[in-house]
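Peer 1:
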Amino acid sequence: MFSIHSNILIDYSISLPSNGDIQRTFEDLKDYQIISYIDYFPKEKIGQCHIYSYPSRMIYYHNLTNSFPGGLFKFVHRVLLYDERPFEYEFFIRIAKAFPFLKMLIIDNRSPQILNEDNQNLPIVEYPHLIHLDLSSAHDDYIEQLLVNTKTCLSNYIHLVISYRSLQRVTHNFIKDTMRGNCAKVKYLYVCNKPDVPEQLHVYFPHVENL
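For the sequence shown, the numbering used here gives the first residue as 109, with consecutive numbering after it.
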């Protein structure tokens, strides 16, 4: 079993490899299922390639993008989501199914969702084992995706890392009712760029122990 994750600086003067090119290099390993995918990030001018044998015993999965092909990863406890393309609602459903024992989720994506509407036909996403959620590098849309209780059901005793300004915006200055359910499950709150803590924050996060 193996997992290889590599990054390269994009040089548009040369031909960049495709996923098919990568798969052909493993044609002789017929006894194994080899999963691979490639992403190119034009803003950062970086390309990344992830290759691994499946089934996998990885315990963490970093820089997971929209190209993620799915599967079941029972041993993964930590996932970092990164992309320059937006993560839509159904992407988070796939993540919950692929990582049923996920404990730590980090989102690094500044691109807004395109299909950003309330879809009553989609199920509520559940992360029953999640204890650490880092949204400090996430667009406001993903903060809403993870904290609005009609979209996501979090477990109790969550550690939440988030920007104060983002939190203030998405909660409408701590009065938005649809986030109160998940925010009441937060036990430790780490707020980036935090001014003096307003009283509304204590009310919105009634069980936080470290404010």
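We treat Cβ as the ideally placed atom computed from N, Cα and C, and that holds for glycine.
1) Look at residue 257 and residue 212 and say whether their C-beta atoms are less than 9 Å apart.
2) Using a 10 Å radius around the Cβ and a threshold of 16 neighbouring Cβ atoms, would you call residue 233 buried or exposed?
3) Bridge partners for residue 260 per DSSP, in chain order?
4) Should residue 158 be flagged as near chain D, meaning a C-beta pair shorter than 9 Å?
5) Taking the CB atoms as reference points, tell me whether residue 164 and residue 183 lie closer together than 9 Å.
6) Are residue 238 and residue 210 closer than 9 Å when you measure CB to CB?
7) By alpha-carbon positions, which one of 276, 317 and 296 ends up nearest to residue 306?
8) Residue 303 and residue 272: beta carbons closer than 9 Å?
9) Measuring CA to CA, which of 131, 148 and 147 is closest to residue 140?
10) Which of the three DSSP states, helix, strand or coil, is assigned to residue 267?
11) Can you tell me which of 168, 109 and 296 puts its alpha carbon nearest to the alpha carbon of residue 162?
12) Buried or exposed: which applies to residue 274, given that a residue is buried once 16 or more other Cβ atoms fall within 10 Å of its Cβ?
13) If residue 157 and residue 175 are in contact, beta carbons under 8 Å, what's the gap, nearest whole angstrom?
14) Can you tell me whether residue 187 is helix, strand or coil according to DSSP?
15) Determine the extent of the alpha helix (DSSP H) in which residue 221 is found, giving its start and end residues.
16) State buried or exposed for residue 151, treating a residue as buried only when at least 16 other CB atoms are found within 10 Å of its CB.
17) Out of curiosity, what's the CA-to-CA distance linking residue 214 and residue 185?
18) Which residue comes first and which comes last in the alpha helix (DSSP H) that contains residue 205?
Peer 2: Concretely, from the data shown:
1) no
2) Residue 233 comes out buried.
3) 233
4) Chain labels in this structure do not include chain D; a single protein chain is all it has.
5) yes
6) yes
7) 276
8) yes
9) 131
10) strand
11) 109
12) buried
13) The C-beta distance from residue 157 to residue 175 rounds to 10 Å, too long to meet the 8 Å contact threshold.
14) strand
15) Unbroken run through residue 221: none, as it is neither H nor E.
16) exposed
17) So the two alpha carbons sit approximately 11 Å from each other.
18) Counted as a single uninterrupted DSSP element, the alpha helix (DSSP H) harbouring residue 205 occupies residues 197-206.
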